[in-house]
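Engineer:
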Amino acid sequence: MKMIFRWYGENNDSVLLNDIKQIPGTDGAAWALHDKHPGVVWNQSEIQEAVDWISSHGLNAEVVESVNVHEDIKLGLPSREEYIENYKQTIRNLASAGVKVICYNFMPVFDWIRTDLHKKLEDGSTALFYENNKIQHITPEELIKKITENPEFTMPGWEPERLEHIQALIDQYNDITEEDLWKHLQYFLEKIIPVCEEYDVRMAIHPDDPPWSVFGLPRIISTREDLQRLAGLTASRYNGITLCSGALGAHPENNIPAMIHEFKDRIHFAHVRNVRRYDNGDFIETSHRAADGSVDIVKVIQAYHEIGYEGYIRPDHGRHLWGENCRPGYGLYDRALGIMYMLGIWDTLEKGGYKQ
Ligand code: DNO
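Numbered according to the working numbering, the sequence shown spans residues 2 to 357.
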């Protein structure tokens, strides 16, 4: 597996590329041109500049997270044609700079959703939290106000431009069923996958986070059956998955190690994090350690080892530790600890495991 670390750019991240380089076993940065609005072409020169900058720090820039899909593509509007053409051009331009994997999502309006970004854990650290009861009783506007009240960094998935006309955006989905969304995803993939094949760039869809519908919006990448259906949309391996143990792991029925085995040919990017689920549907993000959450991360890494995983992997959200001032979920310390945990398990397995 190839360990990488998400990085938001020089002006939008408390973590430096030099910091990432010092995490053992970490060879790359998952990056993006964060100021690009969905639907526009990423130019070759801007891409090359970012890739050169990352490479000059001794890190690869082979994974982009993410190239966001314009809402009109998800809605299936006629204007999608232009945005799909632009997406195809972005794929070609990224390929020419050596990018191998594009992580993206097909969630309407919102990307990830939480009700609290700094919920205290028993050890005094804070973490991202989802409170089921609260989400039923809050309007999208109230949630946005709460989540973005201290916007020191812009948060992907919660960019001000995306959230400005939130109710109008949500209303556009009033008549869009899950079946419609599947059709629109299929249409998108049928257009872009041939380009991916030609240019050797793999698409890796990120699952819904949380893996269920919120605010009445359709969501379709939440379960094992959804991933099976996704894989069936086009037979090409270039139509792949970002398997996120935290997003999928918020649902008790999602068996992550079993999914890793079942979808091994389609997983191009692995996001690893833990969540502690509560019976009432709440969940909080914890350290990566298996004992701290509901997802057995030892078994997750073991499953990757068993399939001989050679793709990209990164720690996902971490807690905020030791007074660190960072973007929510994306501090340096807990994610670096997560890497050491994952590599500890991996290296032990490489050496044949513990002798009982
Ligand atoms: C959350 C991330 C997601 C992911 C996007 C990909 O922290 O895993 O925001 O990057 O869904 O498009």
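Think of the CB as a built atom: it goes at the ideal place given N, C-alpha and C, for glycine as much as any other residue. Here the structure is a predicted model, which means the values were calculated and not measured.
1) Can you tell me where the alpha helix (DSSP H) with residue 94 in it begins and where it stops?
2) Using CA atoms only, rank isn't needed, just tell me which of 36, 23 and 164 is closest to residue 336.
3) At which residue ranges does the segment 234 to 262 contain complete beta strand (DSSP E) runs of 3 or more residues, listed in the order of the chain?
4) So, for residue 306: in the same chain, excluding its five sequence neighbours on each side, which residues have a beta-carbon less than 7 Å away from its beta-carbon?
5) Do residue 127 and residue 389 come within 7 Å of each other at the CB atom, strictly closer than that value?
6) With a threshold of 16 other CB atoms inside 10 Å of the CB of residue 312, please say whether the residue is buried or exposed.
7) In three-state terms, what does DSSP make of residue 164?
8) Using C-beta distances below 8 Å, list every residue in its chain close to residue 122, excluding the 5 sequence neighbours before and after it, in chain order.
9) Take residue 345 as the anchor and find which of 134, 300 and 63 has the nearest alpha-carbon.
10) With distances taken Cα to Cα, identify the nearest neighbour of residue 309 among 338, 84, 275 and 265.
11) Hey, would you say the C-beta of residue 106 is under 6 Å away from at least one heavy atom of the ligand DNO?
12) Going by the beta-carbon positions, is the gap between residue 221 and residue 182 smaller than 7 Å?
13) Pick from 111, 53, 94 and 45: whose alpha carbon is nearest that of residue 383?
14) When you compare the CB positions of residue 207 and residue 104, do they come within less than 7 Å of one another, or not?
15) Starting from residue 120, follow its DSSP beta bridges and name the residues at the other end.
16) On the premise that residue 6 lies in contact with residue 418, defined as a C-beta separation below 8 Å, what is that separation, rounded to the nearest angstrom?
17) Once you ignore the five residues that flank residue 178 on each side, which residues in its own chain have a CB closer than 7 Å to its CB?
18) Compute the Euclidean distance between the alpha carbons of residue 192 and residue 198, then round it to the nearest angstrom.
19) If you draw a straight line from the C-alpha of residue 353 to the C-alpha of residue 302, how long is it?
20) Determine the DSSP secondary structure at residue 268, reduced to helix, strand or coil.
21) Please determine whether the Cβ atom of residue 306 lies at a distance below 6 Å from any heavy atom of the ligand DNO.
22) Keeping to the same chain, check which residues put their C-beta closer than 8 Å to that of residue 67; ignore five residues upstream and five downstream.
23) Classify residue 223 as buried or exposed, calling it buried when 16 or more other Cβ atoms lie within 10 Å of its own Cβ.
24) Taking 6 Å as the cut-off, does the CB of residue 63 come closer than this to any heavy atom belonging to the ligand DNO?
25) Put residue 145 into one of helix, strand or coil per three-state DSSP.
26) Which class does residue 204 belong to by DSSP, given the choice of helix, strand or coil?
27) What is the rounded straight-line gap between the Cα of residue 3 and the Cα of residue 27?
28) Buried or exposed: where does residue 373 fall if 16 or more other Cβ atoms within 10 Å of its Cβ makes it buried?
29) Which partner residues of residue 4 appear in the DSSP bridge assignment?
30) Report the residue from 58, 87 and 48 whose alpha carbon sits nearest the alpha carbon of residue 95.
31) Tell me whether residue 157, by its Cβ, gets closer than 6 Å to a heavy atom of the ligand GTP.
32) So, is residue 146 buried or exposed, given that buried needs 16 or more other C-beta atoms within 10 angstroms?
Structural biologist: To lay it out plainly:
1) 81 to 97
2) 23
3) 240 to 245
4) 347 and 350
5) Residue 389 is absent from the model: the chain starts at 2 and stops at 357.
6) buried
7) helix
8) 128, 285, 287 and 320
9) 300
10) 265
11) yes
12) yes
13) In this structure the chain extends from 2 to 357, so residue 383 is not present and cannot be described.
14) yes
15) 128
16) Past the boundaries of the shown model lies residue 418; the chain is included only from 2 to 357, so the question cannot be answered.
17) 219
18) 11 Å
19) 14 Å
20) strand
21) no
22) 33, 103, 104, 105, 106, 157 and 207
23) buried
24) no
25) helix
26) strand
27) 8 Å
28) With the chain covering only 2 through 357, there is no way to say anything about residue 373.
29) 314
30) 48
31) The ligand content of the structure shown is limited to the ligand DNO, which means the ligand GTP is not among them.
32) exposed
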